[in-house]
Amino acid sequence: MMVSMKKKITIPAFIFKPVYSEETTTQVYKRQDDIIEIEFPVFDKKEVLKTAESLSLKKRRAHDRNIDDVIEVINQLGALWSNPNYEYRKEALEILPITSGQSKVLCELEISNMLFLLNKKTIENQLFSELGGKQYLEDWIPKGNARIHAQPKGLVFHNLAGNAFLIGVLSLCYGLVTKNVNLLKLPHEEPYVPIKFCESIADIDKKIAKEIAALYWRGSRGDIFDELFSSGNVNCVLAWGGIESIEVIKKKAYHYGINVIDHGPKLSFSIISEDIFQDLNQMQDTAQKIAVDVAIWNQKACLSPRVIYIVEKPRKSAVFQVFKSNNIQINSQSSEFEAENNSIFNKFNQSQNISEFDGFDVATLMQRSIKSLKNEYSELSPLGFAKMLAEGLKNTDKTLPRMHLTQADGLDMAKKREYFFMNYGTNSSATIINPPKNKLDWTVVYLRDLPNMLEIDMCQDRFVIVTRISSVQDLIHSIRKERLQKYLQTISIYGSDDFVKNVAEEFSLLGAYRFPRIGEHNIQHIGMPWDGHYILQDMIKWVYIGYISQEHDESDEEQISLIKLSKSPNNTF
Amino acid sequence: MLIDDFIDKGKTYLYKEDQKEVQKEHFKAVIETTIHQIEKCGLYRQLCKQKNFDPRRDLKSVDDIKNIPYLTSANFKGKTGTPKKFLCVPESDIQVWQSSSGTSGDPSLIGKDPINLKRYVKVLNFGFAEVLNLDHFDWTLYFTPRPQKFYTIEDKIPDPIPSMLYVLILTNQTPMENRFYALKRADEEARKKGKIFDIDSEGTLNFLNSNPSEKGKGWVGGAIPLLYSYFSEMHKKTGQTFECGEDSVVVVGGGWKSFAGEQVSPEKFREVISRSLGIPQKNIRDSYNFSETDCMNPECEYHNKHVLPWEDIIIRDVETLEPVEMGETGLVNVINPIAYSYAGVSILQDDIAKITMEDNCPCGRRGKVIEIIGRAQGAEGKGCGAQLTGETDT
Ligand SMILES: [Zn+2]
């Protein structure tokens, strides 16, 4: 077992270099006997505005830097942090498990995933697929008769959130690679990681560090945001974080005509086709993959799956007739139907006396549909899947464990379980599966009905709902009813290619953006869009120079036209 | 019921050498109350069924008390919970809905009928008389506004009433002219700033300057941060002190966190209040009340918070919810056999505490002594990924 840790650290803010201030605030993280206190500076309006002002003066300098130099800095940053002996990394891996609630091995996994993005090759790939190549940031590149160029927006303001500790670093690196100067507002819950990466950057290149500021001021200080946006120094806002703070920032920024790229709260889940029930092994494998998706970030990232919707078409309630005819055989058109039902009736046969079957008398039993019987007595059912997912979470608890729960986390988990029991368990419309002795590490709830918004929101911190839908339309209807469209983000899908395409088509029209395969919630393909747009595109603006065409028609000269078609090999008349 | 006899023997039990016997009697009362609640409350019955708990079968020895299924406070929240579903009597029998004062926007509501209320007032008065040195008092100065109405235990109250206010009204037997209140409705200016009440400085000073000790023994009460900020400010500004009498008592509650979130130290608090009011430090006491129960944990003259005979407290690990050893901290599970009209025999509170001693407080009172650490803390940042419904300000 690990030795408990008590640690108090003081970190600076980063304004072109590490900076301390008189006023500080402290974030305390407490998990059982592990306590970490992080003390960091708090700034007031004057300093924030002054910082933005000096950053703003460096926009040209950032623009003029060679893109290869920028890429090299990020590449070195990635290399430094990839080294297990790097001091900052070693300290971060001591601290992060306690601040984030995820074990060291999980933090290492998340860090190495991100570091893959901070690599020369990857960055160049990304620039190629998102912008057409790094040269566009460097020069005016011919396109037909014109030349186009990707100019940085100028000063990018990153309003960071505390849920996924590496997002701030990525956000900053994207700002750098597009040649912007960057202002980061630290989240109170997680100021540590962005500061450490800024310090690393300063160790690599003091000059580029002078184009970065990462500091904290109180979120309640609306006046600071107002004056920051009205100063004219901020050109682009990346808003990570919770709903309320994003709404406030949007309103304020729009007021001054500043574009806000909204990375607010998102809802992600999985949809599984009923094909899954054809193969027990496939079910187990899928459940295990989802368990890993749940464990990474402890479901605190926007892309973490929260609910697993399994398609299972309703079937006719044929039990009654079957029993009446005293013939334990189902006459059905579909052979598949027969096979599945037979497996249930085999269990009836085994139990000899039907009236003793799990305490239900025959009359009650008959009133119930095959569907619900299947749910309860067959593994090849959504409930069966929920149990497999529970097994998967149990396994994942060993390979990618969480850290100790905080007091509030533990209480929260207990309350959520109790909620589902009180509201659904009491009328048998939910089954709650948790570790032995009611340990609070994870929970799977099998729910007969679709969860509402409040219930979906409870799915955090290794808490998953498995539920049944009779068709994809069911789910679309429920999402509309709960007004969740605008939150949709990642939906992982299990099923045939046609099924996947159909679901992606329906749900992208509804609002979702990413449709990875099951088990790949946390994998972002390089060069693919994020939340409907290309993240690097958000931080640049496309500009062009028009040239007088060398060869032109006589007739063209006579009439005035406001449209000119570029001449390029790909773009002919 | 057994618990009524038990309450009547409270004083004997509080000092009884053989606590094993007290525990045995207590256990019998707990069983009876548990059975009553399971029989009368459908939802609690279902919970017990799900946990496969049958009180007649599973409560064999005192140690089994920890197996009584607990309800969390969430069930009693007025908006998000279902307090009415946890009643054990018809709703029409409910005389008062007591609400928790807490800072949260969704206070708990506990419905009490005449039987429950009678017991409640009995154990409150017991705590005041036997532990807080308030067996009688001649005047009161509460740092609350004057109540609109002075309810008695017989009054049926239409709207939920904050517990603290209700307790201060019910237990106050002094003549009306000896009841003083330090708060008044805020004036126009202050109300614009969002204040509902304000300190009535003039009235309060008038009273304090009138040499209250001449009126006999008094009780100064209210919320800790309010008294603290008022008297420490006054000390800084004028250094003025008063004579409230050596016998008078300050009994406060509401937790030690100030409005700004800062912790007030108990020692500092006692020092400041004692100096200002001329009341000895040993008479300055805190009393903690768990919101969804009938229990109070009053401080003795050694400033130890006693668990009174009818109450039991089990501290549970925050990760497993299993009981922990004495001295370890965890979530508080209150066992409350007094609860009659609501299913509150076993409640898991949002508080973190530890049991610091058992049967050996130097004051001579037996039973457990509890130290309250605070509310459960450390809700992780719920940012981009998560919360679609509301968030905390950073
Ligand atoms: Zn004592």
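If you're matching them up, the sequences are chains Z and H in order. Its first residue numbered 6, the first sequence is counted upward by one per residue in my numbering. Its first residue numbered 30, the second sequence is counted upward by one per residue in my numbering. All C-beta atoms, glycine included, are put in the ideal place defined by N, C-alpha and C. Just so you know, these numbers come straight off a predicted model, no measurement behind them.
For residue i, the nearest candidate out of the options (CA to CA)
i: Q140 of chain Z; options: Z:G269, Z:H154 and Z:Y539; result: Z:H154
i: C329 of chain H; options: H:E159, H:D33 and H:P119; result: H:E159
i: P46 of chain Z; options: Z:S476, Z:E99 and Z:W222; result: Z:W222
i: C518 of chain Z; options: Z:D446, Z:E279 and Z:K271; result: A small correction: the amino acid at residue 518 of chain Z is Tyr; Cys does not occupy that position in the sequence shown. Here the closest residue by C-alpha is Z:K271.
i: F319 of chain H; options: H:L72, H:L377 and H:P391; result: H:L377
i: Q79 of chain H; options: Z:F426, Z:V508, Z:D543 and Z:G537; result: Z:F426
i: G39 of chain H; options: H:Y369, H:H264, H:G156 and H:F260; result: H:G156
i: Q348 of chain H; options: Z:F282, Z:L416 and Z:Y552; result: It is Glu, not Gln, that sits at residue 348 of chain H in the sequence shown. Considering only alpha carbons, the answer is Z:L416.
i: A151 of chain Z; options: Z:I568, Z:L567, Z:Y549 and Z:I565; result: Z:Y549
i: G250 of chain H; options: H:D227, H:G284, H:L197 and H:D229; result: H:L197
i: K113 of chain H; options: H:T101, H:I64, H:A219 and H:L72; result: H:L72
i: L255 of chain H; options: H:D216, H:P174, H:E243 and H:K334; result: H:P174
i: Q127 of chain H; options: H:E321, H:P327, H:E50 and H:D83; result: H:E321
i: L175 of chain Z; options: Z:I470, Z:I43 and Z:T127; result: Z:T127
Secondary structure of residue i, DSSP reduced to three states
i: I484 of chain Z; result: helix
i: E341 of chain Z; result: Unreliable placement is indicated for E341 of chain Z, whose pLDDT of 29 sits below 50; no coordinate value is reported for it.
i: M418 of chain Z; result: helix
i: F170 of chain Z; result: coil
i: P310 of chain Z; result: strand
i: L489 of chain Z; result: coil
i: G403 of chain H; result: strand
i: V293 of chain H; result: coil
i: N336 of chain Z; result: With a pLDDT of 27 at N336 of chain Z, under the threshold of 50, the modelled position of that residue is not reliable, and the figure given next carries that caveat. Three-state DSSP puts N336 of chain Z in coil, outside helix and strand.
i: R519 of chain Z; result: strand
i: D298 of chain Z; result: helix
i: I206 of chain Z; result: helix
i: L62 of chain Z; result: coil
i: Y44 of chain H; result: helix
i: D34 of chain H; result: helix
i: A151 of chain Z; result: strand
i: G396 of chain H; result: coil
i: G246 of chain Z; result: coil
i: C70 of chain H; result: coil
i: H165 of chain H; result: coil
i: A215 of chain H; result: coil
i: S497 of chain Z; result: strand
i: I253 of chain H; result: helix
i: C112 of chain Z; result: helix
Beta-bridge partners of residue i, as assigned by DSSP
i: D341 of chain H; result: H:I364
i: N187 of chain Z; result: Z:V161 and Z:I217
i: L138 of chain H; result: H:S128
i: S242 of chain H; result: DSSP, once it has assigned bridges, lists no residue as partnering S242 of chain H.
i: E42 of chain Z; result: Z:K13 and Z:V33
i: A586 of chain Z; result: No information on residue 586 of chain Z is available, as it lies outside the stretch 6 to 578 that chain Z covers here.
Listed by chain order, chain H residues near residue i by CB distance under 7 Å
i: H409 of chain Z; result: E348
i: M119 of chain Z; result: Per Cβ cutoff of 7 Å: no residues; M119 of chain Z is ~15 Å from chain H at best.
i: N443 of chain Z; result: L350
i: F468 of chain Z; result: Simply none; closest approach about 11 Å.
Chain-ordered neighbours of residue i on chain H, where CB pairs are closer than 9 Å
i: L452 of chain Z; result: In chain order: nothing, as chain H lies at least about 16 Å away.
i: G173 of chain Z; result: The contacting residues do not exist; G173 of chain Z stays about 11 Å from chain H at best.
i: G430 of chain Z; result: Q75, L76 and Q79
Contacts that residue i makes with chain Z (C-beta to C-beta distance below 8 Å)
i: A368 of chain H; result: None at all; the shortest Cβ gap to chain Z is about 18 Å.
i: T101 of chain H; result: L416, A419, K420 and E423
i: N104 of chain H; result: E423 and M427
Listed by chain order, chain Z residues near residue i by CB distance under 7 Å
i: I381 of chain H; result: Q412
is_contact[residue i, chain A] using C-beta, thresh 7 Å
i: T448 of chain Z; result: In summary, chain A is missing from the structure at hand, where the protein chains are Z and H.
Where residue i meets chain Z, residues with beta-carbon distance less than 9 Å
i: N362 of chain H; result: Simply none; closest approach about 11 Å.
Near ligand 3: residue i beta-carbon under 6 Å from a heavy atom
i: N312 of chain H; result: Looking for ligand 3 in the displayed structure turns up nothing; the ligands present are ligand 1.
Practice task
Identify each residue in the segment 203 to 216 of chain H for which the Cβ-Cβ distance to at least one residue of chain Z is less than 9 Å, and report them in chain order.
Solution key: none
Handout entry: chain Z contacts made by the segment 305 to 319 of chain H, where a contact means CB separation under 9 Å
Key = none
Practice task
Using a Cβ-Cβ cut-off of less than 8 Å, give me the residues of the segment 56 to 80 of chain H that come near chain Z, in sequence order.
Solution key: L72, Q75, L76 and Q79
Handout entry: Near-chain Z residues of the segment 373 to 399 of chain H (beta-carbon distance less than 8 Å), N- to C-terminal order
Key = L377, D379 and I381
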